[in-house]
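Undergrad: Pasting a structure below so you can have a look.
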Amino acid sequence: MLAAVATFALEGIRSHEVTVEVDVRQGVGIFTLVGLPDRAVRESRERVRAALQNSGLEFPRKRLTVNLAPAHVRKAGPSFDLAIAVGLLVASEQAPADELERSALCGELSLSGELRPGRGSLAAAVGARSAGYARLLVPVANAPEAALVDGLEVYGIPTLARLADLLHGRWMPDLARPAVPDVRDRAHEPDLADVRGQEDAKRALEIAAAGGHNLLMIGPPGAGKTMLARRLPGILPPPSFEEALEVTQVHSAAGVGNGRLATERPFRAPHHTISPQGLVGGGGTPRPGEITLAHRGVLFLDELPEFGRGAIDALRQPLEEGHVEITRGQRMLEFPANAIVVAACNRCPCARPPDRCTCTSVELSRYLRRLSGPLLDRIDLVCQVDAVPPVQLVEEDHERRMPSEVVRARVIRARERQRARLAGTGALCNADMDGRLTRSQVPLDAVLAARLLTVRGTARLSGRAHDRILRVARTIADLADRDRVAVSDLDEALSYRLDGWEAIAA
Amino acid sequence: MKSRVMIDACDPCLRRAFLVAHLAPRIAGLLDRPSGRVAGLLALSDEAFVAAAAGESADDAWAFVEALDLDAMRKALSHVEALAVCRHGGEYPPLLQQLADPPAALFGLGSARALRALREEPAVAVVGTRRASPYGAEVAYALGRGLGAAGVPVVSGLALGIDGTAHRGCLDGNGLPVAVLACGPDVVYPRRHRRLYERIRAEGIVLSELPPGSRPFRWSFPARNRIMAGLARMTVVVEAAEPSGSLITAEFARDLGRAVAAVPGRVTSSFARGTNGLLRDGAVPVTATEDVLDELFGVGIRRPPPLSEDRKLPGEPQLRAVLEAADRFGSVDSIAHETGLTAAETRSALGRLEAEGYLVRRDLGGWELAAR
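Chains as they are written, first to last, in my numbering: chain P, 1 to 506; chain H, 507 to 878.
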């Protein structure tokens, strides 16, 4: 007899539908698995056999053929176990097929017949809903995550035996409830108020958060660059439900999630020895890289000049387009990769304070040359992070230290202004504006034009640097609730600019 | 930048210049130590020079001279918009005549205005090591910029390190940069200074005693140093180890009876051994642009122009406070702390001060007062 069961396989961070066809007929006991299975899939024969027998069900001693359709796509991972086992049950007439109408199922089996949690159940749920299935059966531990998707009944299944009961109508689990959002105690989150001094860097972080600008922090080791960067997610607006779903889906697919809806933006800080594939994604069965794991959040690149040239070059596409494309065989995968990049570096190779620096200009220019390239073109803001002098620590007014919550409220307001103004342009925040949009969104009155002209005279701004300054100025004005960019906003933006390095690095 | 083409060189001088270029590879073989004075050789008459440099192939050299079509050469020079002036013409920098072995002709690319300025204004050579420390680079830049802004042509050698930084400062101060090369004036050496070279050509002048197309030789660097020393009323060595090409320049300057100055360095630093040695031997210590101007024009006669010509100190007290604090502190936080402003207000003030020319940006962020 023939049975067909629908399941969803993870590919990148999305899932695609796979139909598991099982044919059971008289003959010698042979179990064939076809349809481009990888090793883990082929081994599922053994898991399925043991799981069936240990669940008090029969493993048919007949000629068994399992086909994973579509047959031309590679299948990877153990998530086909459940569908294969159920297909065998139905095809060997141990269970009725009625309950399987409009249902899809995924899950890995243990030899005892229990269902093990797997990666990517949110992606499977999204796929099942858009393919028109009404129900999705997944391991219990994955059910709350899959239930985040609206318009799909999700049931958590503990064991294969229970599933057989369900097929026979002898048992019905409760509808899975969406994962309670991962409400972490704000008191344990890194807060800007913990940072003493560093008002300049905090201001730069606020502007970066408000406009989605990439930021470069320059300063000696130990001055607090990492500590500051870690606080950026906390002042970004909380993710919208859609954004949270995207984040959860990515993390679930990569196996780094905790099975709940992400309510905070991710912060990723890869080490500088990371490979290009590790940073942007890749591998035989492509997995998302750090830039994708930081999607909708913050990617922190400490010691920027130490990163490999290849890794930094690979960031070009994601930084420009907000996603990564990876081609494998005939298939192209797309990973989302829309993150704010915060980079950090020392002032010079020896990293000593300027009055004790021993670097020669040759060493310095070599160092700066390693810094330049595609990434610097996408950096809108640069700020210095120096160790706070003790006198300032002592005299600091603790009342003035702004908690993240207050800064976040300002950022949210600034973002709302941008959303309203940029509606219909395709850009969501000021950093997304291209050159033409920047010029139409930031009209130059006589005063602003005159100021830019003065700077042009002294500093020879390139066209691109010019646009960057205007984008940042627009964000500063948004933070100040101004409809038009004031000349003081432009002045402030000028002070964050990054240019003139080419000459030094030459 | 459109430059008026000027060829003002007599036949014998031009012939001599091409003869030197022709025999340049042989000169290299004659001098076992390139720092040894090529001076004696270059001071010889044509006949003696050929006899000394060409040796057995003297006939070839004379044949080359015979075959030289000087009118065609002049045409070729105008074609590439090169300047050429000789010792006997009125355009030749008069100070250079005082050399024991002045170059017969000077070839240049850039503005004729710069050449004229070299006759009317005393020039200063700012030279130093190719491996500059940040301190040396900072001083070289400030001197270049200050002297440039004060209208003093800044002569240097386009080398990496101090030379290039001094040129850059001079350009940023809207001054007149003069680069003296050890190769033809159209050859960019070192090549990494291509952009700087173009800027100098546009704003000032690039000079050489070798005609366009000549490559540099080991001997031509000390020979070039004598031209720098000869063009300048005063030579300032910013940073120099020992031995060093900059010290050769200083020696030429001293032999000419010109002022030699040096920037004091840390006594423990190898970069400063040469300059501190010059100071010990009586060189003028230079700590700021004013020191150079005082030495050139007499104490207090010429001041560097104020922060910017038509604007006084910023009128607004807040801006002035930030400017003063920026002079003393490097970081935005310290300036904000000193002035009591918020980080945003401080940034805004700094951006404006930079835009209006009161402050300039340092490498990798930070500001300092614009050269005065």
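All C-beta atoms, glycine included, are put in the ideal place defined by N, C-alpha and C.
Nearer than 6 Å: is that true of the beta carbon of Pro683 of chain H relative to any heavy atom of the ligand HEM?
TA: This structure lacks the ligand HEM, and indeed carries no ligand of any kind.
Undergrad: Cys350 of chain P by DSSP, collapsed to three states: which one?
TA: Indexing the first sequence from 1 puts residue 350 of chain P at position 350. Cys350 of chain P falls in the coil class under three-state DSSP.
Undergrad: Can you tell which of P:Arg482, P:Val455, P:Leu479 and P:Ala480 has the C-alpha that lies nearest to the C-alpha of Ile469 of chain P?
TA: Residue mapping note: residue 469 of chain P aligns to position 469 of the first sequence, counting from 1. Ranked by Cα distance from Ile469 of chain P, the first of P:Arg482, P:Val455, P:Leu479 and P:Ala480 is P:Val455.
Undergrad: My output table needs one value for Ile379 of chain P: the three-state DSSP class, helix, strand or coil.
TA: One-based indexing of the first sequence puts residue 379 of chain P at position 379. In the three-state DSSP reduction, Ile379 of chain P falls in the coil class, being neither helix nor strand.
Undergrad: Report the rounded CA-to-CA distance for Pro823 of chain H versus Ala855 of chain H, giving the unit in angstroms.
TA: Walking along the second sequence from the start, residue 823 of chain H turns up at place 317. Walking along the second sequence from the start, residue 855 of chain H turns up at place 349. Rounded to the nearest angstrom, the two C-alpha atoms are 11 Å apart.
Undergrad: Residues of chain P with a CB under 7 Å from the CB of Arg858 of chain H: which are they?
TA: As a first step, residue 858 of chain H is located in the second sequence; it is residue number 352 there, counting from the start. Within 7 Å Cβ-Cβ: Asp491.
Undergrad: What residues in its chain sit with their C-beta under 7 Å from that of Arg721 of chain H, if we drop five residues either side in the sequence?
TA: Here residue 721 of chain H is taken as the residue at index 215 of the second sequence, counted from 1. Closer than 7 Å at the Cβ level, and outside the excluded window around Arg721 of chain H, lie Cys689 and Val693.
Undergrad: Which two residues bound the contiguous alpha helix (DSSP H) that contains Glu644 of chain H?
TA: Indexing the second sequence from 1 puts residue 644 of chain H at position 138. Where Glu644 of chain H is concerned, the enclosing alpha helix (DSSP H) stretches over Pro640 to Ala655.
Undergrad: Beta carbons nearer than 9 Å to chain P: which residues of the stretch 662 to 678 of chain H have them?
TA: Leu666, Gly667, Ile668, Gly670, Thr671, Arg674 and Asp678
Undergrad: How would you list, in chain order, the residues of chain P whose beta-carbon sits under 7 Å from the beta-carbon of Val838 of chain H?
TA: Mapped onto the second sequence, residue 838 of chain H falls at position 332. In chain order: Asp200 and Gln384.
Undergrad: When the Cα atoms are used, what is the spatial distance from Gly255 of chain P to Gly278 of chain P?
TA: Taking the first residue of the first sequence as position 1, residue 255 of chain P is located at position 255. Taking the first residue of the first sequence as position 1, residue 278 of chain P is located at position 278. The straight-line gap from Cα to Cα measures roughly 15 Å.
Undergrad: State the DSSP-derived secondary structure class of Lys62 of chain P, mapped to helix, strand or coil.
TA: Numbered from its first residue, the first sequence carries residue 62 of chain P at position 62. Of the three classes helix, strand and coil, the one that applies to Lys62 of chain P here is coil, per DSSP.
Undergrad: Taking only the alpha-carbon atoms, compute the straight-line gap between Gly211 of chain P and Ala104 of chain P and give it to the nearest angstrom.
TA: As a first step, residue 211 of chain P is located in the first sequence; it is residue number 211 there, counting from the start. As a first step, residue 104 of chain P is located in the first sequence; it is residue number 104 there, counting from the start. The straight-line gap from Cα to Cα measures roughly 42 Å.
Undergrad: Is the beta carbon of Asp565 of chain H sitting closer than 7 Å to the one on Arg522 of chain H?
TA: For this step, residue 565 of chain H is matched to residue 59 along the second sequence. For this step, residue 522 of chain H is matched to residue 16 along the second sequence. No; because the gap between Cβ atoms is not below 7 Å, this pair is not in contact.
Undergrad: In terms of residues, what are the limits of the beta strand (DSSP E) holding Ile326 of chain P?
TA: Stepping through the first sequence from its first residue, residue 326 of chain P is reached at position 326. Looking at the DSSP string, the run of the beta strand (DSSP E) that includes Ile326 of chain P is His323 to Arg328.
Undergrad: If we count the other Cβ atoms within 10 Å of its Cβ and call it buried at 16 or more, is Asp816 of chain H buried or exposed?
TA: What you label residue 816 of chain H is simply residue 310 of the second sequence in a count that begins at 1. Model confidence at Asp816 of chain H stands at a pLDDT of 42, short of 50, so the residue's coordinates are unreliable and nothing is read from them.
Undergrad: Would you please state the rounded distance, in angstroms, between the beta carbons of Gly605 of chain H and Val684 of chain H? I believe it to be under 8 Å.
TA: Locating residue 605 of chain H in the second sequence gives position 99, where the first residue counts as 1. Locating residue 684 of chain H in the second sequence gives position 178, where the first residue counts as 1. Residue identity check: residue 605 of chain H is Leu in the sequence provided, not Gly. The pair is not a contact, with the Cβ atoms about 16 Å apart (cut-off 8 Å).
Undergrad: Buried or exposed for Phe59 of chain P, going by 16 or more other Cβ atoms inside 10 Å?
TA: Walking along the first sequence from the start, residue 59 of chain P turns up at place 59. Under this definition Phe59 of chain P is a buried residue.
Undergrad: Taking CB distances under 7 Å as the criterion, tell me whether Leu494 of chain P reaches chain H.
TA: By 1-based counting over the first sequence, the position of residue 494 of chain P is 494. It does: the Cβ of Leu494 of chain P has a partner Cβ on chain H nearer than 7 Å.
Undergrad: Identify the contact partners of Val362 of chain P in chain H, using a Cβ-Cβ distance below 9 Å as the criterion.
TA: Locating residue 362 of chain P in the first sequence gives position 362, counting from the first residue. What Val362 of chain P touches in chain H: Arg636, Arg637, Ala638, Leu666 and Gly667.
Undergrad: In chain order, what residues of the same chain have a beta carbon less than 7 Å from the beta carbon of His528 of chain H, not counting five sequence neighbours either side?
TA: What you label residue 528 of chain H is simply residue 22 of the second sequence in a count that begins at 1. Closer than 7 Å at the Cβ level, and outside the excluded window around His528 of chain H, lie Ala567 and Phe570.
Undergrad: Just mark His699 of chain H as buried or exposed, buried being the case when its beta carbon has 16 or more other beta carbons within 10 Å.
TA: Counting from 1 along the second sequence, the entry for residue 699 of chain H is found at position 193. Under this definition His699 of chain H is a buried residue.
Undergrad: Leaving out five residues on either side along the sequence, give the residues of the same chain with a beta carbon under 8 Å from the beta carbon of Ala134 of chain P.
TA: On the first sequence, residue 134 of chain P is found 134 positions in, with the first residue counted as 1. Result list for Ala134 of chain P: Arg102, Ser103, Leu152 and Glu153, in chain order.
Undergrad: Checking contacts by CB at 7 Å: is Ser617 of chain H closer than that to chain P?
TA: Position 111 of the second sequence, counted from the start, is the residue given in the question as residue 617 of chain H. Output row for Ser617 of chain H: interface = no.
Undergrad: Using DSSP with H/G/I as helix, E/B as strand and the rest coil, what is Met384 of chain P?
TA: In the first sequence, residue 384 of chain P corresponds to position 384, counting from 1. In the sequence on display, residue 384 of chain P carries Gln and not Met. Of the three classes helix, strand and coil, the one that applies to Gln384 of chain P here is strand, per DSSP.
Undergrad: Assign Pro683 of chain H to one of three DSSP states: helix, strand, or coil.
TA: The sequence position of residue 683 of chain H within the second sequence is 177, counting from 1. Looking at Pro683 of chain H - three-state DSSP - the assignment turns out to be strand.
Undergrad: At 3 residues or longer, what runs of the beta strand (DSSP E) sit wholly inside the stretch 404 to 439 of chain P?
TA: none
Undergrad: I'd like to know whether the C-beta of Ala578 of chain H is nearer than 7 Å to at least one C-beta of chain P.
TA: To locate residue 578 of chain H, count along the second sequence from 1; it is residue 72. So no, Ala578 of chain H is outside the interface.
Undergrad: Taking 7 Å as the CB-CB cut-off, is Arg651 of chain H touching chain P?
TA: Position 145 of the second sequence, counted from the first residue, corresponds to residue 651 of chain H. So no, Arg651 of chain H is outside the interface.
Undergrad: In terms of DSSP beta bridges, what is Ile30 of chain P paired with?
TA: Translated into positions along the first sequence, residue 30 of chain P becomes position 30. For Ile30 of chain P, which the question treats as bridged, DSSP gives the partners P:Arg63.
Undergrad: So Arg451 of chain P contacts chain H; which residues on that side make the cut at Cβ distance below 7 Å?
TA: Locating residue 451 of chain P in the first sequence gives position 451, where the first residue counts as 1. Result: Ala861.
Undergrad: Give the interface partners of Gly546 of chain H over in chain P, defined as CB-CB distance under 8 Å, in chain order.
TA: Taking the second sequence and counting its residues from 1, the one referred to as residue 546 of chain H is at position 40. Neighbours of Gly546 of chain H on chain P: none; closest Cβ ~34 Å, over 8 Å.
Undergrad: For Asp23 of chain P, which residues does DSSP report across the bridge?
TA: Along the first sequence, read from residue 1 onward, the residue named residue 23 of chain P stands at position 23. Beta-bridge analysis with DSSP links Asp23 of chain P to P:Leu2 and P:Thr65.
Undergrad: Can you find a C-beta in chain P that's less than 7 Å from the C-beta of Ser750 of chain H?
TA: The residue given as residue 750 of chain H occupies position 244 in the second sequence. With 7 Å as the cut-off, Ser750 of chain H does not count as an interface residue toward chain P.
Undergrad: Smallest Cα separation from Asp434 of chain P: which of P:Ala343, P:Val487, P:Ala176 and P:Arg464?
TA: Here the question's residue 434 of chain P lines up with position 434 in the first sequence. Residue P:Arg464 is the option with its Cα nearest to Asp434 of chain P.
Undergrad: Are the C-beta of Ser488 of chain P and some C-beta of chain H separated by less than 7 Å?
TA: Numbered from 1 along the first sequence, position 488 holds the residue referred to as residue 488 of chain P. Among the residues facing chain H, Ser488 of chain P is included, as its CB has a counterpart in that chain under 7 Å away.
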